[in-house]
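Right, one structure below, let's go through it.
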Amino acid sequence: SLVINKPFLIPEGYTVHFEPGTVMNLVENAMFISYSPVIMRGTPDAPIVITSSDFTGNGFTVLQAEGRSQVEHTRFENLNTLNYKGWELTGAVTFYESDVEIKHSVVYRNQCEDGLNIIRSKFLTEDVTFDYTWGDAFDSDFSNGLVLNCKFTNLGNDAIDFSGSTITIQDVTIDKAADKG
21 SLVINKPFLI PEGYTVHFEP GTVMNLVENA MFISYSPVIM RGTPDAPIVI TSSDFTGNGF
81 TVLQAEGRSQ VEHTRFENLN TLNYKGWELT GAVTFYESDV EIKHSVVYRN QCEDGLNIIR
141 SKFLTEDVTF DYTWGDAFDS DFSNGLVLNC KFTNLGNDAI DFSGSTITIQ DVTIDKAADK
201 G
């Protein structure tokens with residue numbers, strides 16, 4: 021397990037690889053911010069886990085990355101939103117102007133306005149479970165993408181909140197969303 025207790029910043033020009041079974045624990049208001057794409061290829065037997073054991077983790081954020089990020093068999097849990105040097109985002113997991121594919125993954129028990137926020141990006145979410153999010157599960161702004169075979173359960177607000185986006189949604193289950201599906 022990798023425990024991070026301060027900002028973890030990655031500049032542009034890299035590709036960030038997470039090995040199967042990696043556990044990143046963001047504590048004491050730490051955050052992960054990358055200006056490079058992330059490749060997170062966990063497996064069913066060795067998922068990647070991004071967590072905050074003290075519930076203070078200030079999010080997992082990919083900003084203006086050149087190249088498509090790939091996230092598979094990854095669990096994002098117990099995170100909050102980015103609040104760093106007066107800069108605030110709404111997502112526990114954010115891809116901003118950063119294309120991404122997220123498959124076979126879980127966004128769980130995040131204390132935030134949006135569990136996943138994708139902004140001005142192209143994306144695919146397939147077989148992703150969103151569970152026990154305080155606010156909206158998935159917020160997409162000015163993006164294009166696919167939401168396939170995803171599950172949304174036990175949400176404090178909206179399951180899906182898209183603004184200015186072109187999205188195809190297929191085979192989605194929504195159960196116990198406090199506001200809009």
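Residue numbers (the working numbering): 21 to 201.
Glycine is no exception: its CB is placed at the ideal position from the N, C-alpha and C atoms.
Remember, predicted model here, so these are calculated numbers, not experimental data.
Rounded distance between the beta-carbons of residue j and residue i, thought under 8 Å
i, j, result
"Ala85", "Ser56", "5 Å"
"Val113", "Gly135", "7 Å"
"Gly79", "Met60", "Actually they do not touch by this definition, with Cβ atoms about 15 Å apart."
Status (buried if at least 16 other CB within 10 Å, exposed otherwise) for residue i
i, result
"Ile189", "exposed"
"Gly33", "exposed"
"Pro31", "exposed"
"His37", "exposed"
"Thr71", "buried"
"Thr186", "exposed"
"Asn130", "buried"
Residue i vs residue j beta-carbon contact at 8 Å
i, j, result
"Asn137", "Asp159", "yes"
"Ser89", "Val127", "no"
For residue i, the three-state DSSP class (helix, strand or coil)
i, result
"Ser54", "strand"
"Trp107", "strand"
"Thr149", "strand"
"Gly165", "strand"
"Lys26", "coil"
"His124", "strand"
"His93", "coil"
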